[in-house]
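Peer 1: Before I ask anything, let me first share the structure, which is written out below as structure tokens.
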Amino acid sequence: MKVVMIALPIVAAAVPALAERAYSPQEQKNKEIVLDFYQKALNDKDFDAASKYLGKYVQHNPLAADGPEGLRGFLEYLKKDYPQSKSEIKRVMVDGDFVILRVHTIRQPGDRGSAIVDIFRVENNKIEEHWDSVQPIPEKSMNNNTMF
0 MKVVMIALPI VAAAVPALAE RAYSPQEQKN KEIVLDFYQK ALNDKDFDAA
50 SKYLGKYVQH NPLAADGPEG LRGFLEYLKK DYPQSKSEIK RVMVDGDFVI
100 LRVHTIRQPG DRGSAIVDIF RVENNKIEEH WDSVQPIPEK SMNNNTMF
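Read in numbering that gives the first Met the number 0, the sequence shown has 46 at position 47, and its numbers run on one by one without any break.
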């Protein structure tokens, strides 16, 4: 009983750290900008609709061209080669100017797809920078955990 009485305040103090914190109004706006951009760009493949959110759009993926025109080219490639591709956002995290997405992308129906971490930096309500890390989903996993 003594252990429970000692442990209870410690556990209670830790619970708020496990909960997602409330976003500031600007962080909430940054989240909304990135989510709408992502839908218009990656799922709808509509550069014109997505481009309203772009600033300079510095691209940090070495396999992608820089700037808005680089994104336009990537979306044209998706429309041509993977018209049925879909990206499902599994988790969103916001920290100031940064919006981080955990995404499951499937290029063609029936594929396992890839697990992606996309990081966007938003400034003055425009997406200024993008980083990503892409990991193909393997056929077999060494554990029973999901990648998402």
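Note that the Cβ used here is the ideal one computed from N, Cα and C, for glycine as well.
Need the endpoints of the beta strand (DSSP E) that S86 sits in, please.
Peer 2: 85-94
Peer 1: Could you check whether R71 and F36 sit closer than 8 Å to each other, using their CB atoms as the reference points?
Peer 2: For F36 and R71, no; Cβs fall outside 8 Å.
Peer 1: What do you reckon, are the CB atoms on K55 and G69 nearer than 8 Å?
Peer 2: no
Peer 1: In angstroms, rounded to a whole number, what distance separates the CA positions of E122 and V102?
Peer 2: 22 Å
Peer 1: Within the stretch 105-147, note down every full beta strand (DSSP E) run reaching 3 residues or more, in order along the chain.
Peer 2: 113-122, 125-135
Peer 1: Please name the residue in S140, I118, T145 whose C-alpha comes closest to that of V57.
Peer 2: I118
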